[in-house]
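Read left to right, the sequence shown gives residues 31 to 473 (the working numbering). Read the structure below first, then the notes.
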Amino acid sequence: MTKMLVMAAATVAISSTFGAGFGIYEASSRGTAMGDAVVGDVSDASASYHNPANLAFSTNIMVSAGISFINPYCDVEVNHVSQDRMNPGWFSVPTFFASVPVADRLVFGWGNYTEFGLGTHYSGKWDLACDTTETTMRQVTLNPNMAFKVTDWWSVAAGLRGSWIQFSNHKRPYAGSDLYVDANGMGTLMARDPFNLRSSLRGEDWGMGWSAATTFKPLSNVSVGLVYRSHIRHKIKGRFNLEGNVKGTASGTINHPLYGTMPYSLPVNQVYDVHGRASAHLTLPESLALGVNWDVTDRYRVGTVVTYTRWSSVNDINFRIAKGYSYKLPLHWHDTVRAGVGMEYDFLDWLSGRIGYTFDEDPSRRRNSTTMLPAGDRHIIGAGLGFKVTDNLTLDIGYSFIRMNNQHYTVKTRDSAGNVTGHYFSCRNGYSHIATATVSYSF
Numbered sequence: 031m032t033k034m035l036v037m038a039a040a041t042v043a044i045s046s047t048f049g050a051g052f053g054i055y056e057a058s059s060r061g062t063a064m065g066d067a068v069v070g071d072v073s074d075a076s077a078s079y080h081n082p083a084n085l086a087f088s089t090n091i092m093v094s095a096g097i098s099f100i101n102p103y104c105d106v107e108v109n110h111v112s113q114d115r116m117n118p119g120w121f122s123v124p125t126f127f128a129s130v131p132v133a134d135r136l137v138f139g140w141g142n143y144t145e146f147g148l149g150t151h152y153s154g155k156w157d158l159a160c161d162t163t164e165t166t167m168r169q170v171t172l173n174p175n176m177a178f179k180v181t182d183w184w185s186v187a188a189g190l191r192g193s194w195i196q197f198s199n200h201k202r203p204y205a206g207s208d209l210y211v212d213a214n215g216m217g218t219l220m221a222r223d224p225f226n227l228r229s230s231l232r233g234e235d236w237g238m239g240w241s242a243a244t245t246f247k248p249l250s251n252v253s254v255g256l257v258y259r260s261h262i263r264h265k266i267k268g269r270f271n272l273e274g275n276v277k278g279t280a281s282g283t284i285n286h287p288l289y290g291t292m293p294y295s296l297p298v299n300q301v302y303d304v305h306g307r308a309s310a311h312l313t314l315p316e317s318l319a320l321g322v323n324w325d326v327t328d329r330y331r332v333g334t335v336v337t338y339t340r341w342s343s344v345n346d347i348n349f350r351i352a353k354g355y356s357y358k359l360p361l362h363w364h365d366t367v368r369a370g371v372g373m374e375y376d377f378l379d380w381l382s383g384r385i386g387y388t389f390d391e392d393p394s395r396r397r398n399s400t401t402m403l404p405a406g407d408r409h410i411i412g413a414g415l416g417f418k419v420t421d422n423l424t425l426d427i428g429y430s431f432i433r434m435n436n437q438h439y440t441v442k443t444r445d446s447a448g449n450v451t452g453h454y455f456s457c458r459n460g461y462s463h464i465a466t467a468t469v470s471y472s473f
């Protein structure tokens, strides 16, 4: 029974940690406010994220630092029964960028930012506590790159992406389920909801990928940018813990060889304290972004961007858990397209206003989902202001409101007899607030 409980507690924990829709795109306040439609035209050091090829057109040392605060929440239902609202609170996402010209036409860029992350928090007594009660994933990318100005209208860039991931997951295995016990081959007994277990899974890892980008200007006021980011393979290593007890009375009927069918009861009282190493293989997906920016006038600018993400490369997750158990979790995500459009207007020489809209497609499958994150296609409306404090110092602030479409999914759980049950899981009234601020300085 210990093996059964360890597997039940661990396998869903892994799936809950890495599910659909955990991309993060908030690298700068200007980009967030304009729907990320700045791939073709980024004039500060945050180009290391949006499009490092743009750095080749700079001649000064530049630094940029910022932070985003994100708060996702939604109403949830399980089998048409309302649950407590999913609300993990606010998450902070810091960023830092720098660029330094090192030779004629050659610029070095550096970026610290986040590409992936998630967080959920449910009541410990909600109806799918056996799937997850709390999940957090943090990721940081370290991105050195070099940009080269080939001509006055064309530049290229390439760089490395070091990725660090840390995650944690908590759940209550078999919560709300009955225990099925075989009475020495003579019958099956059932104990009503005897499980009082808590499990946790924590781990971290470093992985390595790369990126390549280019920018060209077919016209003096039009720029086109293309950015490719490779996949990153992680082998996440950590610890698994399972604590608690299974306590109750199993009752039912058995078929006695002499007396026939007769009632029977069996006391159940077992304490669990399992600890061990755990590891999981995870591939973060590759992506390709294409953006076009147009300076309509000296004061008015518009842009658009389309990003293709190959989530189908994360087809499954192979992992090993305490005491040598192994498991392959199928995911079957589909590739997605994210599209954004934005505009910027200089009201004064020192004040700019920005607005943008983004459509972000959800890659998860409705027939095989988890409860780790509010699911559904996202509509994102952003706005912001840019202040030129001095000739060299700028301050950007922004706010984005995310509306997630109502979606219904199937979440599968397994009882102690190995039977799989599909639960009707609904995410309704899903929203998220994003507040950002960025300070940039040019030497």
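Note that the Cβ used here is the ideal one computed from N, Cα and C, for glycine as well.
Using the C-alpha atoms, what's the distance from residue j back to residue i?
| i | j | result |
| --- | --- | --- |
| G333 | P82 | 17 angstroms |
| G428 | W341 | 29 angstroms |
| T32 | D303 | Any reading at T32 needs caution, since the residue's pLDDT is 48, under 50, leaving its predicted position unreliable; the model's value is listed next. Cα to Cα, the separation comes out at about 10 angstroms. |
| T163 | S230 | 10 angstroms |
| G383 | S59 | 12 angstroms |
| L249 | W183 | 9 angstroms |
| L172 | A221 | 52 angstroms |
| T89 | P131 | 6 angstroms |
| A467 | S394 | 31 angstroms |
| M37 | T144 | A caution first: M37 carries a pLDDT of 42, below 50, which makes its placement in the model unreliable, though a value can still be read off. Distance between the alpha carbons of M37 and T144: 31 angstroms. |
| M64 | I195 | 28 angstroms |
| R228 | R350 | 19 angstroms |
| F87 | V326 | 20 angstroms |
| F377 | G61 | 18 angstroms |
| K442 | E234 | 27 angstroms |
| P174 | F138 | 8 angstroms |
| L209 | H409 | 43 angstroms |
| H453 | T424 | 51 angstroms |
| R331 | G206 | 56 angstroms |
| T244 | R168 | 29 angstroms |
| I464 | A413 | 11 angstroms |
| K201 | T337 | 34 angstroms |
| V111 | T401 | 15 angstroms |
| D445 | T313 | 30 angstroms |
| S462 | D426 | 20 angstroms |
| R259 | T440 | 32 angstroms |
| W156 | V170 | 32 angstroms |
| F473 | W140 | 16 angstroms |
Anyone know if the C-beta pair for residue i and residue j falls short of 8 angstroms?
| i | j | result |
| --- | --- | --- |
| N117 | H80 | no |
| M176 | S470 | no |
| V69 | G278 | no |
| Y387 | V367 | no |
| S129 | S73 | no |
| S122 | I97 | yes |
| H261 | P315 | yes |
| N479 | D71 | Nothing about residue 479 can be read from this structure; the chain reaches only from 31 to 473. |
| F178 | L148 | no |
| W363 | K418 | no |
| S198 | K265 | no |
What are the boundary residues of the beta strand (DSSP E) that includes residue i?
| i | result |
| --- | --- |
| G53 | Element bounds for G53: n/a, residue is neither H nor E. |
| N435 | Element bounds for N435: n/a, residue is neither H nor E. |
| R397 | It is not in any beta strand (DSSP E) - R397 carries neither H nor E in the DSSP assignment. |
| M176 | E164 to T181 |
| V367 | T366 to L378 |
| K418 | R408 to K418 |
| A128 | F121 to A133 |
| F389 | L381 to D390 |
| G65 | That residue, G65, is in no beta strand (DSSP E); it is neither H nor E in DSSP. |
| D114 | Run containing D114: none; DSSP gives neither H nor E here. |
| T339 | Y330 to T339 |
| L136 | L136 to Y143 |
Please report the residue range of the alpha helix (DSSP H) in which residue i lies.
| i | result |
| --- | --- |
| S230 | S230 -> not in any alpha helix (DSSP H); beta strand (DSSP E) instead, spanning F225 to L249. |
| Y258 | Element bounds for Y258: not the alpha helix (DSSP H) but the beta strand (DSSP E), V252 to R259. |
| S73 | That residue, S73, is in no alpha helix (DSSP H); it is neither H nor E in DSSP. |
| A77 | A77 to H80 |
Tell me, please, which residues DSSP counts as bridged to residue i.
| i | result |
| --- | --- |
| S472 | M92 |
| S198 | T166 and R232 |
| L148 | M167 |
| R444 | V450 |
| P474 | Because residue 474 is not part of the residues shown, which for the chain are 31 to 473, the question remains open. |
| L209 | A221 |
| P102 | S462 |
Is the stretch 265-282 close to the stretch 294-305, with three or more CB pairs under 8 angstroms? As far as the Cβ criterion goes, the stretch 265-282 touches the stretch 294-305, which means the pair count is three or higher.
Three Cβ pairs or more, each shorter than 8 angstroms: is that satisfied between the stretch 316-329 and the stretch 54-61? Result no; under three Cβ-Cβ pairs closer than 8 angstroms.
Counting Cβ pairs closer than 8 angstroms, one from the stretch 260-276 and one from the stretch 102-109, do we hit at least three? Contact between the stretch 260-276 and the stretch 102-109 is absent, because fewer than three Cβ pairs lie under 8 angstroms.
When the Cβ atoms of the stretch 190-199 are set against those of the stretch 230-249, are three or more pairs found closer than 8 angstroms? The stretch 230-249 and the stretch 190-199 touch, with three or more beta-carbon pairs separated by less than 8 angstroms.
Are three or more beta carbon pairs between the stretch 430-444 and the stretch 454-462 nearer than 8 angstroms? Touching, yes.
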